[in-house]
Structure formats: structure tokens, C-alpha cells
Amino acid sequence: MNAHGKAYRYGDNVDTDVIIPARYLNTSVASELAAHCMEDIDGDFIKTVKAGDIIVADKNFGCGSSREHAPLAIKTAGISCVIASSYARIFYRNSINIGLAILECPEAVQGIRAGDEVKVDFSTGTITNATTGKSWSAEPFPPFIQEMIAADGLINYLRKGAK
Amino acid sequence: MSMTMSQKILAAHANLDEVRPGQLIMADLDLVLGNDITAPVAIREFAKFGMDKVFDKTKVVLVPDHFTPNKDIKAAEQCKCMREFAYDHEIENYFEIGQMGIEHALLPEQGLVGAGDLIIGADSHTCTYGALGAFSTGVGSTDMAAAMATGKAWFKVPSAMRFNLTGKLGRWVSGKDLILHIIGMVGVDGALYKSMEFTGPGVATLTIDDRFTICNMAIEAGAKNGIFPVDAVAKEYLAAHCKRVPVVYAADADAVYEEHFEIDLGSIRPTVSFPHLPDNTRTIDEVGEVKIDQVVIGSCTNGRISDLRVAASILKGRKVARHVRTIILPATQTIYLQAMEEGLLRIFVESGAVVSTPTCGPCLGGHMGILAKDERAVATTNRNFVGRMGHVQSEVYLASPAVAAASALTGYISNPEKLEEK
Chain A
1 MNAHGKAYRY GDNVDTDVII PARYLNTSVA SELAAHCMED IDGDFIKTVK
51 AGDIIVADKN FGCGSSREHA PLAIKTAGIS CVIASSYARI FYRNSINIGL
101 AILECPEAVQ GIRAGDEVKV DFSTGTITNA TTGKSWSAEP FPPFIQEMIA
151 ADGLINYLRK GAK
Chain B
164 MSMTMSQKIL AAHANLDEVR PGQLIMADLD LVLGNDITAP VAIREFAKFG
214 MDKVFDKTKV VLVPDHFTPN KDIKAAEQCK CMREFAYDHE IENYFEIGQM
264 GIEHALLPEQ GLVGAGDLII GADSHTCTYG ALGAFSTGVG STDMAAAMAT
314 GKAWFKVPSA MRFNLTGKLG RWVSGKDLIL HIIGMVGVDG ALYKSMEFTG
364 PGVATLTIDD RFTICNMAIE AGAKNGIFPV DAVAKEYLAA HCKRVPVVYA
414 ADADAVYEEH FEIDLGSIRP TVSFPHLPDN TRTIDEVGEV KIDQVVIGSC
464 TNGRISDLRV AASILKGRKV ARHVRTIILP ATQTIYLQAM EEGLLRIFVE
514 SGAVVSTPTC GPCLGGHMGI LAKDERAVAT TNRNFVGRMG HVQSEVYLAS
564 PAVAAASALT GYISNPEKLE EK
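Protein chains in written order, with this note's numbering: chain A, 1 to 163; chain B, 164 to 585.
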């Protein structure tokens, strides 16, 4: 599995209220949530994002609320992978649980600018900036989490285990 | 063995003698919580298991507190989804409007939280229950769904930061000022993935409501949980609310902490978080002139009876500034009645404030007090992110009930100490 797309670049502490404002949480329909993804931090995001694009951000991405609507909106908007220097823990957990690919790599974050073409090889954890030619290795997931992603999220992982 | 208090609770619930930071464990849960925003997503995921019943109908708690009383048709549909699930699965602890309160004030009050419990909730402020010596943490809807099906959740065992408290808070200084001070000191990701354990002789001087407020905002420093020792104050609260015998865990003398902080409670000043992050703190002495349009006193952070008493002691016999909308939200029906019986509601109304039924409403920009462009609010809530209480160009200043009430009177962020001198 690989990701390949244009980078959207954000700073520190991107919180779940700007990823999906609470005023839109009166629904849990993924497509309706995605239509407002990143609205309060980047009004152009949803107008320009294409399937496969990648979000790159600095530290503590996804801080704040436990709303799973946040990774769900990002995934449904077409984002194939998020790369950040660090994540808020509930967002990290939620992303894995719903099958949004999410990598932690401060070095790559420093080397990627908005609009750069980025490629990710999930099997090796290699992140490549195709615009500059530089590449980095992200910390691979522990085996336990790899199994969960292979099973396409927590629910399927548990259902397989229960059989 | 050398474990922190949080690690001991996790080990016991995973049937292990010992756990180490970083270890992945599967643990048995004592309580699983959801609300009208997170539960509908969890219910959809739960359906994928194809199970008729939840793991234990006494251990799932559903509270419609966010967009309720239903703010619009979509919110009504979300609540209906949760209500039907609650009835279909005979969930004992479903709290309909009339019994409903803000979840993190309601659960301890209803005796659903016991010392030593392991609790997850699909709400980030689930960490509140550490005040009673429980390990409780926020998760997402999929974790909640899995927990409703299996009664279990996976955890990565956290390392810990220790906050050793000495001395006593000043007259107009509260647990809110202490936790804002700590968040300002460590940063919004300063406790990422970690436990915040509060210890020391200063603990005994903190009320249980102060402790709820402090643990409630552990998440705003990125923490997995916040926790207090189970002392006489906690035991007294538990004895009055929870029928179960407290299971008391204490950190080992040689428990390892990644960081250690010494805090003299007497040195804490009334503290305000400026927009747009909770760690952007200033003491009241450094605030300067900030004109406000709205004051909100309530939320899972500061909607308890002691918060209302402090606000009333400041508002009594005075009028809120003409240009300030002052909204007060008792967190539960019990607190509402208590405030009524103590005459607090009369004080609020006579001062020019409005009193609302319990709801999370304005805290997350849902309803009951949304800000227009360029408006500013002082709120006793927990987050001041961009657009949190309304327009993307509005501002939220986080403060204690005392600072909020004093600010309502003057129309500017104000020091309650100075008001008293008048």
C-alpha cells in the first residue's frame, strides 16, 4: 500500500475544532463532515483537495476533542496519509481505529513544503519528497497495530480475534 | 515493583502483577461512556459486531448533553438514534432530558464512578474521574463500540509526571487557576501520552470540586489521565455517592516519574488563558484591558455547586455590565435544585444573568450562547481554540468562576480580589 499526492502543510497544535468545527457535529454522515473539513483553518482545503493528497503538520496534530468525526472527515475528503511531528493521543488512536494512515516523522515534516509532491511506502515507512528528491524513514508501527491496520481497523480486528 | 498509581490500576484490570510504560495491554473496563455526538457513530460501529446485547447493560452510560435539549432537527435525530439504542439494549444508565446533566459532573454525582475503576468515555474530558482515584480517559467512537461489545479496551501503559503540591490556594484562587497555571507551564502537549499524578500535603487542602476541575483539564496538556490519591476528602465524597467499596491504589515509594514539579499553592495567582490555546496563560495581574461581550459560567470543568457559590458571592447585590451577556449553566439537575434552594438562582437573575438547563451548549459552540464575529467571551470552560464558541474570528478567554463573575460586573477581564476591596 502506498500514498502519493500533493502536500497540504500546517503548523503546530492543529486542533479537532478546526479539523471539523462542532457546529457541524449534528450529523455523523461522513460526506457531510468532509464537506467542512479544515474549514476554520484553511477555507481552500476542501475546494482544492484531490484523492490521494497528504496532510503534513508540525507537533500535536489533532489535539482537543475525542471526536472521531475529525479523522473521518480527513479520510473521507480524500487524504491518503497524515504525516506530523507528533499527534494528540486520542486522534492517533482514532485514526488507527478507522483506518486512516498516520505517520510520525519530524524530519520529513521539516523537509516538506506546501504543494510538494510526496510519496509514502507504508510497507517500509519510507517518505519521499518527489519535488526535492529527499527521503526519510518513519518509525514503523508496532506489530499489534500493524495487525489492526491489516484487518482494516479495530472492529474487524476484534471480530477476527473473536472467531 | 515500582509502579505509579495509574499503572497499578491498569495492571489490576489487565490481570497482571506488573506493567511497564510503553507496554500494550488489554484490560477489563468498569464503565463505558458516550454522548449524543459520539454515541451515534459508536452505535453504527457496534452494529457491525452483530451482537444483540452490550457486554453489560449496567456498565454502559449514555448521556445526551451536548446539543440538548435538541438544538435542531439533525441533533434531534442523533439523540433519537441514541435513545432507541438505549431502550433496545436496556441500558440502565441512559439519562433522558429531565435527569440529564453534563456527563462528567453527572457520573460521579450518580455514584457511577468508584475509586480504582478503569473507565473509558467517548469524550475527551472523561479524564475528570481521576479526582476520585479512578483511571479514566477519553477515546473515540470506535473504541467505545468495541468496549460496548467486549467490555475491554487496549491501552499503551503511560509514563507519568508528578506534581507535588504544598501550601494552600488563596481566597479567590481555585483548582481552575492551578490547572491553567500548570498547562501554561508544561504546554498543550507537555503531558502527551502521560499520566499527571498529583501528590503532596497540598492535596488535602483542595476540595473535591477543585480536583474534578484539575483532572478535567489534564487532556488540555495532552495527558492520558490525571489522578489524585484517595484521601479523606475523596472518601467522604465517595461514601455520599457511590455504593461500592473504594478500591484504593497508591503509587509505590520508588515509582518512576519522567518529570517532577514542585508547586506551592500559595504562589498561584488567578490565571487566564488567552486565545487560542489553553497554554497561552497570563496571571490576572498581566491581563491588561480586555473588553468582553459575554460570560459563560458552567461546563464539565466548572458547573458544580461550589463554582456557582463563588459566582453568586461576587454577583450578589450587584449588576452585570450592560453590554455583557452572562450565561450560567448548572451542570446537573441536582446542582440546579441545590442552587435554587440556596438562593443562588435568584442572585443570578437579579444580577442580570440568565440561568440555563444543563447542557454543554456554548462550550463547544453548539448553542445557548454563540459568539458573533469579533466578539469576546470569558468562560469557565476548557478550550479556547479558533472558532470554539462560534465565529472563527471570535475569542474565548478561559478563567475561574470568580474571574468570570468579576468580569461580568465590569465588562472587562477583572480581578475578583480588587472587586472585594471596593
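Glycine residues also receive a C-beta, built at the ideal position from the N, C-alpha and C atoms.
8 Å Cβ cutoff met for B:Ala294 and B:Ala278: no
Nearest-angstrom Cβ-Cβ length linking B:Pro392 and B:Leu401, presumed shorter than 8 Å: Actually they are not in contact, since the Cβ atoms of B:Pro392 and B:Leu401 sit about 13 Å apart, beyond 8 Å.
Simplified DSSP state of B:Leu355, which is helix, strand or coil: coil
Beta carbon proximity, A:Gly153 to chain B, threshold 8 Å: yes
Other residues of its chain near B:Phe437: CB distance less than 7 Å, five sequence neighbours each side excluded: Asn443, Arg445 and Tyr560
Enclosing alpha helix (DSSP H) for B:Thr573 [first to last residue]: Pro564 to Thr573
Min CB distance B:Ser322 to chain A below 8 Å: no
Nearest to A:Gln110 (by Cα), restricted to the options A:Tyr24, A:Ala73, A:Asp12 and A:Ala30: A:Asp12
Chain B contact for A:Cys63 (CB, 8 Å cutoff): yes
Chain-ordered residues of the region 204-224 of chain B with a beta carbon less than 8 Å from chain A: Val204, Arg207, Glu208, Lys211 and Phe212
B:Ile236 classed as buried or exposed, judged by whether at least 16 other C-beta atoms fall within 10 angstroms: exposed
Strand pairing of A:Cys81, partner residues [DSSP]: A:Ile54
Closer than 8 Å at the beta carbon, the chain A residues around B:Asp306: Arg93, Asn94, Asn97 and Leu154
Proximity of A:Ile112 and A:Val56 at Cβ, strictly below 8 Å: yes
Stretch pair the region 315-329 of chain B + the region 27-38 of chain A: three plus CB contacts closer than 8 Å: no
Expected contact under 8 Å - CB spacing of B:His554 and B:Leu534 to nearest Å: 6 Å
Reduced DSSP secondary structure (H/G/I, E/B, other) of B:Phe298: strand
Beta carbon of B:Lys454 nearer than 8 Å to that of B:Gly274: no
Proximity test, Cβ basis, 8 Å: B:Val559 and chain A: no
Distance CB(A:His69)-CB(A:Leu100) smaller than 8 Å: no
Interface positions of the region 480-513 of chain B facing chain A (Cβ-Cβ less than 7 Å), listed along the chain: none
CB contact below 8 Å: B:Ile390 versus chain A: no
Euclidean distance between Cα positions of B:Glu255 and B:Val396: 29 Å
Whole-number beta carbon distance between A:Ile127 and A:Ala108, since they are thought to touch under 8 Å: 4 Å
Per-residue DSSP class, three states only, for A:Cys63: strand
Where the region 7-31 of chain A meets chain B: residues whose CB sits under 9 Å from a CB there: Asp12, Asn13, Asp15, Thr16, Asp17, Val18, Pro21, Ala22, Arg23, Leu25, Asn26, Thr27 and Ser28
For B:Leu332 and B:Glu431, believed in contact at Cβ under 8 Å, the rounded distance: A small correction: the amino acid at residue 431 of chain B is Ile; Glu does not occupy that position in the sequence shown. Yes, B:Ile431 and B:Leu332 are in contact; Cβ-Cβ is about 6 Å, under 8 Å.
Neighbouring residues, chain A, relative to B:Tyr292 (Cβ below 8 Å): Ordered by position in chain A, no residue passes the 8 Å Cβ test against B:Tyr292, which lies about 15 Å from the chain.
Enclosing alpha helix (DSSP H) for B:Thr497 [first to last residue]: Gln496 to Glu504
Enclosing beta strand (DSSP E) for A:Lys75 [first to last residue]: Unbroken run through A:Lys75 is the alpha helix (DSSP H), His69 to Thr76; no beta strand (DSSP E).
Whether A:Asn2 touches A:Phe122 by CB criterion (8 Å): yes
Near-chain A residues of the region 335-364 of chain B - C-beta to any C-beta below 7 Å: Val351, Asp352, Leu355 and Tyr356
Uninterrupted alpha helix (DSSP H) stretches inside the region 299-363 of chain B (no shorter than 4 residues): 304-313 and 338-349
Cutoff 7 Å; reference B:Gly363; Cβ partners in own chain excluding five residues on either side: Asn327, Leu328 and Thr329
Proximity test, Cβ basis, 8 Å: B:Phe437 and chain A: no
Segment contact flag, the region 571-585 of chain B with the region 485-498 of chain B, C-beta cutoff 8 Å, min 3 pairs: yes
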